[in-house]
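**Student:**
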Amino acid sequence: MLNKRCSKLLNEIVNTEDYVSILELSKSFGVSNRTIRYDLDKIDDFLKSSNLPQLIRKPNEGISYKCSPIQKNNLLNLIGEVDLNQYALSQDERINMILIELLESRNYITMDNLAEHLLVSRSTILKDMDKVREWLLDKNLELKPCKRHGVMIAGEEKYLRKAAISLLTNNVDVYKALNLIKYPKISRSEFALDKYKKQFFNDIDIPYIESCVNIAEKQLQNKFTDEACSGLVIHIAIAIKRIKEQKDIVMEKEELKSLEVTEEFVVASSIAKALENKFNIIIPVDEIGYITIHLLGSNVSISKNNDVDWGTIEYIANDLIKKVSSILNISLFDDKQLLNGLIQHIRPAIYRLKHDIILKNPLLKEIKESYQELFYAIKSSAYEIERYGRNKLSEEEIGYITLHFGAAIERNKKADNTNINVIVVCATGMGTAKLVSSKIQSLFNLNIIDTISYHDLSDVLKNQKVDLIITTVPIRLNTNDVPCIEVNPFLTEKNVNDISSVLRKYNRGYTNNVRKISLKEIMDIIGRNCTILNSESLTQELASYLSISNDIKKGAYEPMLREVLTDDFIKLNVEAENWEQAVRFGGEILKSNNVIEQSYIEGMINSVKTLGPYIVIAPGIAMPHARPDESVKKIGMSLITLKKPINFGNEDNDPVSLVVCLCAVDHSSHLKALSELVTFLGDKEFIEIVSNANNPSEITNYIKNKGEM
2 MLNKRCSKLL NEIVNTEDYV SILELSKSFG VSNRTIRYDL DKIDDFLKSS NLPQLIRKPN
62 EGISYKCSPI QKNNLLNLIG EVDLNQYALS QDERINMILI ELLESRNYIT MDNLAEHLLV
122 SRSTILKDMD KVREWLLDKN LELKPCKRHG VMIAGEEKYL RKAAISLLTN NVDVYKALNL
182 IKYPKISRSE FALDKYKKQF FNDIDIPYIE SCVNIAEKQL QNKFTDEACS GLVIHIAIAI
242 KRIKEQKDIV MEKEELKSLE VTEEFVVASS IAKALENKFN IIIPVDEIGY ITIHLLGSNV
302 SISKNNDVDW GTIEYIANDL IKKVSSILNI SLFDDKQLLN GLIQHIRPAI YRLKHDIILK
362 NPLLKEIKES YQELFYAIKS SAYEIERYGR NKLSEEEIGY ITLHFGAAIE RNKKADNTNI
422 NVIVVCATGM GTAKLVSSKI QSLFNLNIID TISYHDLSDV LKNQKVDLII TTVPIRLNTN
482 DVPCIEVNPF LTEKNVNDIS SVLRKYNRGY TNNVRKISLK EIMDIIGRNC TILNSESLTQ
542 ELASYLSISN DIKKGAYEPM LREVLTDDFI KLNVEAENWE QAVRFGGEIL KSNNVIEQSY
602 IEGMINSVKT LGPYIVIAPG IAMPHARPDE SVKKIGMSLI TLKKPINFGN EDNDPVSLVV
662 CLCAVDHSSH LKALSELVTF LGDKEFIEIV SNANNPSEIT NYIKNKGEM
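Residue numbers (my numbering): 2 to 710.
So this is what it looks like as C-alpha cells:
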C-alpha cells in the first residue's frame with residue numbers, strides 16, 4: 002500500500018483534469034521536487050502491481066492520469082480514506098467545516114468544542130471566525146454570540162437554507178454534491194470536508210426523496226435535468242431537517258395564492274404527503290409553496306397550456322437573439338433550435354431569479370475563456386430577463402445561456418450526418434450536451450440522434466439503436482457493449498483522437514456530404530418574396546417536382562409577419578379609458594376577423610389581473626396574450642395605437658401607446674412572425690411610422706418593404 006503522502010498525492014493528480022507540475026505539487030505538499038519525484042516512482046510501482054495504467058509524465062507540462070471510469074473507481078477504492086488525524090486542513094476547509102457544524106447544530110457551540118472537532122487550537126478557531134462572519138454576512142446572516150454558551154447562526158429561515166445549499170455545493174455542481182451525500186464511495190476518496198457534508202444528511206433517506214422527485218417528473222410529464230433534479234432533492238432534504246427542528250419557512254400570501262393555481266403546486270402537495278408519511282412530519286402549506294417554486298425552476302417543458310406568460314418569454318428570447326446578433330454582427334434569427342432552447346431555459350430561469358434559487362455552473366471558467374466576447378454580449382443584452390425576473394442574472398445563468406448561443410454558432414459553421422448513431426450525454430442534457438453535439442458535428446460525419454442527461458441514458462439505450470456514446474460525465478451504467486468516450490465539453494485534441502479511433506473501427510467514411518436540399522428553406526425564401534395563398538399545396542408540388550422529401554409537417558408552416566398583420570388587423574388612435582378597455586379593443590379586432598372567440602379576450606384580461614402587468618414588454622409597448630386553447634382558431638396579431646397613452650401598472654415602461662394582441666395555436670408556427678415583430682419593435686423608424694400613421698397601409702407597406710430589402 003502507499004503511504005499517506007503518496008495516497009494524497011495520487012488523489013490530487015487523479016482529480017486534476019489537466020497536467021499538474023512537479024513544482025506545484027512540491028509547494029502544495031511542502032516537500033522538495035526530488036521528494037515528489039521519488040513519490041511518483043512509488044506510485045507507478047503501486048499502479049503497475051495493481052494492474053492499473055501508470056502516470057503520464059509530459060516534459061514542460063507535468064503529471065496527469067488517464068484511465069476508464071471503472072479503473073478510476075477501483076483505484077480510488079484502493080487508496081482508501083484519509084481522516085482528520087492524517088490530513089492537514091487548509092483554512093478554507095476549516096471554515097467550511099465550522100459553518101457546517103453551526104448550520105447543523107440546534108444550539109450554541111463553544112470555541113473549545115469546534116477546536117476539539119477539527120483537531121486544531123482554540124486560537125486557530127478564533128482567527129477563522131472572522132472569515133466565518135464575512136461568509137455569513139454575504140448570505141444575509143450573522144454570527145450570534147452568547148457568553149459561556151458560544152455562538153450560533155441567526156437570520157431568516159430562507160437565508161439559512163440558501164446558505165446550507167451554497168455550502169454543500171461549494172466548488173462542485175449539485176449533481177456531484179448529491180452523489181457525495183448518497184454514496185459511500187464515489188469519484189474520489191473522502192477527505193475530511195466530504196465526510197462532514199455526508200454527515201449533514203446522515204438521518205435523511207436521500208434515495209426516498211429521489212423516488213418522490215421521479216414520481217413528480219411522471220406527473221408533470223417531463224424530465225428534469227440532472228442538476229435540477231439533484232438541486233430539488235437537496236432542497237427537500239434540507240427542508241425536512243429544518244421542519245424536524247420546527248424551523249418552518251414563511252411565504253407571502255399573495256405569492257402563495259398565485260402558486261396554488263399551478264399544476265406544479267398539485268404535484269408538490271403529493272410529494273409533501275409522501276414525505277409526511279415517511280419522515281413522520283407535518284409539512285406546512287408555505288413549504289409546499291417553496292417546493293412548487295423549485296419545480297417551476299426545474300421544469301423545462303414548453304407546453305403553452307401551462308404557461309400564461311408564454312408570449313412574454315418568447316418576446317424576451319427573440320429580443321436577446323436580436324441584441325446578441327447585433328453586437329456580434331451575425332444573424333441567428335433562422336436558428337429555431339436556438340430559439341426553442343432559449344425559451345425552454347428562460348422560463349425556469351425567471352422563476353429562479355424571482356426566488357433567488359442558486360444555479361451552479363461548473364463550466365463557468367471554461368465558458369468565459371472560450372466564449373469571452375459572446376459571454377459579455379449576452380451579459381449586456383439580458384436586461385429583459387432581469388427586468389421580468391426582478392433580479393440580476395448570475396454569471397452561472399449567463400454561462401448556460403452562452404452555451405445555447407455557442408452551439409448555434411457552431412451549427413452555422415458546418416453540419417454533417419452519416420449512419421453512425423450517436424447520443425451525447427451530460428449532467429444537464431441541455432446547453433452543455435448541445436454544445437458538444439455541435440462541435441462533434443463540425444468535425445465528424447455523424448448522426449447524433451439525441452442530446453440527453455445521464456438521468457435518461459438507460460431508457461434511451463433500451464429504446465434506440467445506439468452505436469456510440471459521447472459523454473461529459475462518467476458512465477457507471479451497463480451500456481450493453483456500446484463504446485463510450487468521456488470528453489471535455491470543449492473537446493481537447495485527445496478527445497478528437499479518441500473519437501477518430503472509434504470511428505475507424507466502424508470502417509465507415511466520415512467526410513462532409515453535399516448539403517441536403519431543404520423544402521423548408523425553399524418555402525422560407527418564397528415567403529420572404531411572395532404572398533403564399535396555399536402553403537400546403539405549394540409544399541406538395543415543390544416536393545414532387547424537385548424529388549425531395551417534405552420536411553415541413555402538415556399545418557406547421559410559419560407565416561411571415563406581413564401575412565399575419567394586415568390592414569384589417571390594425572386600428573389607429575383608439576380611445577380607451579384604461580388598460581382593460583385597450584386590451585378588449587385589440588381582442589375584438591382578432592374576434593371580428595374570426596381568429597379567436599370571446600373567451601380568449603377574457604383570458605387576456607384575467608392574465609394581467611392574476612400575474613400583473615408583465616405584458617408591458619418595452620417602454621410604451623404592451624403585448625397582451627393568454628393561454629392557447631380551443632378559443633384560438635389560428636395565428637393572429639392585432640395592432641392598435643392609443644390616442645391617449647395609458648398606464649398599465651408597469652413602473653419601468655408606462656405609459657403605453659402601442660398595444661399588440663397575440664394568439665397562437667401551437668408552440669412554433671407563430672415564431673417567425675413574432676421574431677420579425679420583435680425586430681420591428683426595436684426599430685426606432687418603425688415606431689415613429691406607427692406613431693404618426695394616418696392609415697394602416699402606411700404600417701403594412703413599411704413591413705412589406707423592409708422584408709424585401
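We put the CB at the ideal spot given by N, CA and C, even for glycine.
1. If the criterion is Cβ atoms closer than 9 Å, does the pair I216 and I272 meet it?
2. Check whether the Cβ atoms of I64 and I71 sit closer than 9 Å, and answer yes or no.
3. What does DSSP give as the partner residues of L469 in its beta bridges?
4. What ranges does the beta strand (DSSP E) occupy inside the region 626-663, keeping only unbroken runs of at least 3 residues that lie completely in it?
5. Can the beta-carbon of A434 be found closer than 9 Å to that of V423?
6. With V325 as the anchor, note down where its alpha helix (DSSP H) starts and where it stops.
7. Determine the closest residue to L520 out of E542, S381, I359, with distance taken between C-alpha atoms.
8. Can you name the start and end residues of the beta strand (DSSP E) that T125 belongs to?
9. Nearest CA to the CA of D310: which residue from I688, D655, I476, A623?
10. Which stretch, first to last residue, makes up the beta strand (DSSP E) that contains L53?
11. Does the structure place the region 347-354 close enough to the region 387-405 that three or more beta carbon pairs sit under 8 Å?
12. Can you tell me whether Y511 is helix, strand or coil according to DSSP?
13. So I110 is in the alpha helix (DSSP H); what residue range does that whole segment cover?
14. In this structure, what does DSSP give as the bridge partners for K448?
15. Which runs of the beta strand (DSSP E) at least 3 residues long sit entirely within the region 557-630? Give them in chain order.
16. With 16 other CB atoms within 10 Å as the buried threshold, where does D131 fall?
17. Could you spell out the range, first to last residue, of the alpha helix (DSSP H) harbouring L103?
18. Assign N706 to one of three DSSP states: helix, strand, or coil.
19. According to DSSP, I154 sits in a beta bridge with which residue or residues?
20. Do T293 and E265 count as a contact pair if the criterion is CB distance below 9 Å?
21. Taking just the CA atoms, how far does L343 sit from L221?
22. Whose C-alpha, out of C230, I597, T642, G587, is nearest the C-alpha of I207?
23. If you follow the alpha helix (DSSP H) that E277 is in, where does it begin and where does it stop?
24. Nearest-angstrom Cα distance between K49 and N97?
25. Can you have a look at I500 and say buried or exposed, based on whether 16 or more other CB atoms are within 10 angstroms of its CB?
26. Where DSSP assigns a beta bridge to V21, which residues make up the other side?
27. As a quick exercise: from A269, I284, E277, V467, pick the residue whose alpha carbon is nearest that of L297.
28. According to DSSP, simplified to helix, strand and coil, what is D417?
29. Using only CA atoms, which one of P629, D684, A694 lies nearest to G312?
30. Going by the CB atoms, is the gap between D287 and G683 shorter than 9 Å?
31. So I486 is in the beta strand (DSSP E); what residue range does that whole segment cover?
32. Do you know offhand how far V691's Cα is from V565's?
33. Let me know the alpha helix (DSSP H) ranges lying completely inside the region 207-255, each 4 residues or longer, listed in chain order.
34. Excluding five sequence neighbours on each side, which residues of the same chain lie with their C-beta closer than 7 Å to the C-beta of N579?
35. Return the CA-CA distance between R212 and E218, expressed in angstroms with no decimal places.
36. When you compare each of L447, T473, V483, L53 to V461 by their alpha carbons, which one comes out closest?
**Tutor:** On the basis of the supplied data:
1. On the sequence shown, position 215 is the one that residue 216 refers to. On the sequence shown, position 271 is the one that residue 272 refers to. The answer is yes: Cβ separation under 9 Å.
2. Start at 1 with the first residue of the sequence shown, and residue 64 comes out as number 63. Start at 1 with the first residue of the sequence shown, and residue 71 comes out as number 70. Cβ distance not < 9 Å, so I64 and I71 don't count as in contact.
3. As a first step, residue 469 is located in the sequence shown; it is residue number 468 there, counting from the start. According to DSSP, L469 bridges with V423.
4. 637-647
5. Translated into positions along the sequence shown, residue 434 becomes position 433. Translated into positions along the sequence shown, residue 423 becomes position 422. Cβ atoms of A434 and V423: not closer than 9 Å.
6. Indexing the sequence shown from 1 puts residue 325 at position 324. Its alpha helix (DSSP H) spans residues 311-329.
7. Taking the sequence shown and counting its residues from 1, one reaches residue 520 at position 519. Nearest of E542, S381, I359 to L520, Cα basis: E542.
8. Here residue 125 refers to the residue found at position 124 of the sequence shown. It is not in any beta strand (DSSP E) - T125 instead sits in the alpha helix (DSSP H) that spans 123-139.
9. For the purposes of this step, residue 310 is taken as the residue at position 309 of the sequence shown. If we check each option's Cα against that of D310, A623 comes out closest.
10. The residue given as residue 53 occupies position 52 in the sequence shown. Note, L53: premise wrong, no beta strand (DSSP E); not H, not E.
11. yes
12. Within the sequence shown, the letter at position 510 stands for residue 511. Caution is warranted here: a pLDDT of 41 is assigned to Y511, below 50, making its placement in the model unreliable, and the coordinate value is therefore given only provisionally. If DSSP states are grouped into helix, strand and coil, Y511 belongs with coil.
13. Here residue 110 is taken as the residue at index 109 of the sequence shown, counted from 1. Run containing I110: none; DSSP gives neither H nor E here.
14. In the sequence shown, residue 448 corresponds to position 447, counting from 1. Before going further, note that residue 448 is Asn rather than Lys in the sequence given. Answer is N422, bridged to N448.
15. 571-575, 617-619
16. Numbered from 1 along the sequence shown, position 130 holds the residue referred to as residue 131. Exposed is the call here.
17. In the sequence shown, the residue the question calls residue 103 occupies position 102. Where L103 is concerned, the enclosing alpha helix (DSSP H) stretches over 92-105.
18. As a working note, residue 706 is residue 705 in the sequence shown. Helix.
19. For the purposes of this step, residue 154 is taken as the residue at position 153 of the sequence shown. Paired residue(s): L144.
20. For the purposes of this step, residue 265 is taken as the residue at position 264 of the sequence shown. For the purposes of this step, residue 293 is taken as the residue at position 292 of the sequence shown. Against a cut-off of 9 Å, the Cβ pair of T293 and E265 comes out as a contact.
21. Numbered from its first residue, the sequence shown carries residue 221 at position 220. Numbered from its first residue, the sequence shown carries residue 343 at position 342. Taking the straight line joining both Cα atoms gives about 20 Å.
22. Here residue 207 refers to the residue found at position 206 of the sequence shown. Cα-wise, what sits closest to I207 is C230.
23. Counting from one through the sequence shown, the residue named residue 277 turns up at place 276. Element bounds for E277: 264-280.
24. Residue numbering aside, residue 49 sits at position 48 when the sequence shown is read from its first letter. Residue numbering aside, residue 97 sits at position 96 when the sequence shown is read from its first letter. Spanning the two alpha carbons is a distance of roughly 37 Å.
25. Along the sequence shown, read from residue 1 onward, the residue named residue 500 stands at position 499. Label assigned to I500: buried.
26. For this step, residue 21 is matched to residue 20 along the sequence shown. Paired residues: I64.
27. Here the question's residue 297 lines up with position 296 in the sequence shown. Nearest of A269, I284, E277, V467 to L297, Cα basis: A269.
28. Taking the first residue of the sequence shown as 1, we reach residue 417 at position 416. Its pLDDT being 42, under 50, D417 is placed unreliably in this model, and the value from its coordinates should be taken loosely. In the structure shown, D417 sits in coil (DSSP, three-state: anything other than H, G, I, E or B).
29. Residue mapping note: residue 312 aligns to position 311 of the sequence shown, counting from 1. Comparing Cα positions, the closest option is P629.
30. Taking the first residue of the sequence shown as 1, we reach residue 683 at position 682. Taking the first residue of the sequence shown as 1, we reach residue 287 at position 286. No, they are not a contact pair.
31. Stepping through the sequence shown from its first residue, residue 486 is reached at position 485. Run containing I486: 485-487, per the beta strand (DSSP E) assignment.
32. Mapped onto the sequence shown, residue 691 falls at position 690. Mapped onto the sequence shown, residue 565 falls at position 564. If you take the alpha carbons of V691 and V565, they lie about 17 Å apart.
33. 207-221, 227-245
34. What you label residue 579 is simply residue 578 of the sequence shown in a count that begins at 1. Cβ neighbours of N579 beyond the five flanking positions: I647.
35. For the purposes of this step, residue 212 is taken as the residue at position 211 of the sequence shown. For the purposes of this step, residue 218 is taken as the residue at position 217 of the sequence shown. Reading the sequence as shown, one finds Ser at residue 212 and not Arg. Going from the Cα of S212 to the Cα of E218 covers about 10 Å.
36. Start at 1 with the first residue of the sequence shown, and residue 461 comes out as number 460. Answer by Cα proximity: V483.
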